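Asker: Take this structure, written in structure tokens, and hold onto it; I'll ask about it next.
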């Protein structure tokens, strides 16, 4: 029996299974990317090895013999069983729940549009996402991965840098109608300002504006006025509505500048010294499921910024802090 079912026989059985499914050597050849003659020859060799006919060759089609029908049923069941077991083995590695914590604006503007790609890549992984501000401290054991905006210091945990953040003012074109031109920072005195009060951990209500103006050495401008919001995307919505000038984050602004819904009145863009990073407990990337999602996030960051490399390329290079 071992001599009968050797490696060559198993190869012929695969050809037989495809031919039996199509009842056509031509269509089997197309699926297997070989010639019709090669399929016919391998079926003949299999029949010679087994000692009985598998097909009746009719003028315009093929028909299975009784022996062929019985063998086809067994072979098909065997291949299905192998495929099912492989799927089970794979899903056993890449299935289950992963707890992810994400700062709200980053979740809304960056991660959410990309989640369908993650779902397609790992359909058996379920994300349980908690959206929390950076001002709320991360505690080990409460998440598997966290996407956070901070200066990179997370005592007792590891962080993989994802992308740096830069900021700059934006407003709706309608805001400038009927007001003095907005060409220089001092012209902001004629415009209402919008603020994200939770810009990053440790920032104050007017921190983004003060950081930006100080970095570009702007003259003294009173920025402690205007509307405040506790989410970046709410601040951007207010800017889109023409309520005032807001500070935009390069990472989170998408098509608004391309479409002209928002304009950037000043050329200078300023690094905040903060970056988005993937925070995780030391050793958590030993879990292949967590590591797979971690690496997918890095892949998406590279897709957005292919020419820039602020990202650690290997998950083993995560920074312990």
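Residue numbers (full-length UniProt numbering): 1 to 321.
Even glycine gets a Cβ: it sits at the ideal position worked out from N, Cα and C.
Keep in mind the model is a prediction, meaning the values are calculated, not measured.
(1) Whole angstroms is fine: what's the gap from residue 63's alpha carbon to residue 120's?
(2) Taking only the alpha-carbon atoms, compute the straight-line gap between residue 188 and residue 97 and give it to the nearest angstrom.
(3) Excluding five sequence neighbours on each side, which residues of the same chain lie with their C-beta closer than 8 angstroms to the C-beta of residue 315?
(4) Compute the beta-carbon to beta-carbon distance between residue 227 and residue 195, rounded to the nearest angstrom, for a pair I have assumed lies under 8 angstroms.
(5) Near residue 99, which residues of its chain fall below 6 angstroms by C-beta distance, leaving aside the five closest residues on each side in sequence?
(6) Taking the C-alpha atoms as reference points, what is the distance between residue 123 and residue 114?
(7) What residue from 190, 200, 137 has the CA that sits closest to residue 167's CA?
(8) Contact between the segment 36-45 and the segment 11-28: three or more CB pairs below 8 angstroms?
(9) Which class does residue 196 belong to by DSSP, given the choice of helix, strand or coil?
(10) Cα-Cα, which of 255, 263, 231, 216 is closest to residue 272?
(11) Please specify which runs of the alpha helix (DSSP H), each continuous and at least 4 residues long, are wholly inside the segment 182-267, giving them in chain order.
(12) Could you tell me whether the segment 26-34 touches the segment 76-85, where touching means 3 or more Cβ pairs closer than 8 angstroms?
(13) From the DSSP output, in three-state form, read off residue 180 for me.
(14) Using DSSP's beta-bridge definition, name the partner residues of residue 130.
(15) Assuming residue 40 is part of the alpha helix (DSSP H), what are its boundary residues?
(16) Run the CB neighbour count on residue 177, radius 10 Å, all protein chains shown included, and call it buried at 16 or more, exposed below.
(17) Put residue 166 into one of helix, strand or coil per three-state DSSP.
(18) Assuming residue 118 is part of the alpha helix (DSSP H), what are its boundary residues?
(19) Could you please give me the residues that DSSP links to residue 83 through a beta bridge?
(20) What did DSSP end up calling residue 6 once you bin it into helix, strand or coil?
(21) Can you grab the Cα-Cα spacing for the pair residue 59 / residue 8, in whole Å?
(22) Could you compute how far the alpha carbon of residue 307 sits from the alpha carbon of residue 253?
(23) Tell me which residue opens and which closes the beta strand (DSSP E) that residue 271 is part of.
(24) When the Cα atoms are used, what is the spatial distance from residue 183 to residue 245?
Answerer: Reading from the atomic positions:
(1) Whole-angstrom Cα-Cα distance: 39 angstroms.
(2) Spanning the two alpha carbons is a distance of roughly 48 angstroms.
(3) The predicted model places residue 315 with a pLDDT of 29, which falls under 50 and marks its position as unreliable, so this point remains unresolved.
(4) The Cβ separation is near 7 angstroms, so the contact holds.
(5) Around residue 99: 128, 143, 144.
(6) Straight-line Cα distance between these residues: approximately 14 angstroms.
(7) Measuring from the Cα of residue 167, the nearest candidate turns out to be 200.
(8) Counting Cβ pairs under 8 angstroms, three or more are found: they touch.
(9) Strand.
(10) Distances from the CA of residue 272 to each of 255, 263, 231, 216 were compared; the closest alpha carbon is that of 216.
(11) Taken in chain order, the unbroken stretches of alpha helix (DSSP H) that lie wholly in the segment 182-267 and span 4 residues or more are 207-215, 232-240, 256-259.
(12) Fewer than three beta-carbon pairs drawn from the segment 26-34 and the segment 76-85 are found closer than 8 angstroms, and the two stretches are therefore not classed as touching.
(13) DSSP places residue 180 in coil when its eight states are reduced to three.
(14) The partner list for residue 130 (beta bridge, DSSP) reads 101.
(15) Per DSSP, the unbroken alpha helix (DSSP H) holding residue 40 starts and ends at 36-50.
(16) Around the CB of residue 177, fewer than 16 other CB atoms lie within 10 Å, so the residue is classed as exposed.
(17) Annotated three-state conformation of residue 166 is strand, per DSSP.
(18) That run of the alpha helix (DSSP H) goes 115-121.
(19) Residue 83 pairs with nothing; no bridge assigned.
(20) In the structure shown, residue 6 sits in coil (DSSP, three-state: anything other than H, G, I, E or B).
(21) Distance between the alpha carbons of residue 59 and residue 8 is about 29 angstroms.
(22) Caution is warranted here: a pLDDT of 44 is assigned to residue 307, below 50, making its placement in the model unreliable, and no coordinate value can be reported.
(23) Counting along the chain, the beta strand (DSSP E) containing residue 271 begins and ends at 270-281.
(24) Their Cα atoms are separated by approximately 13 angstroms.
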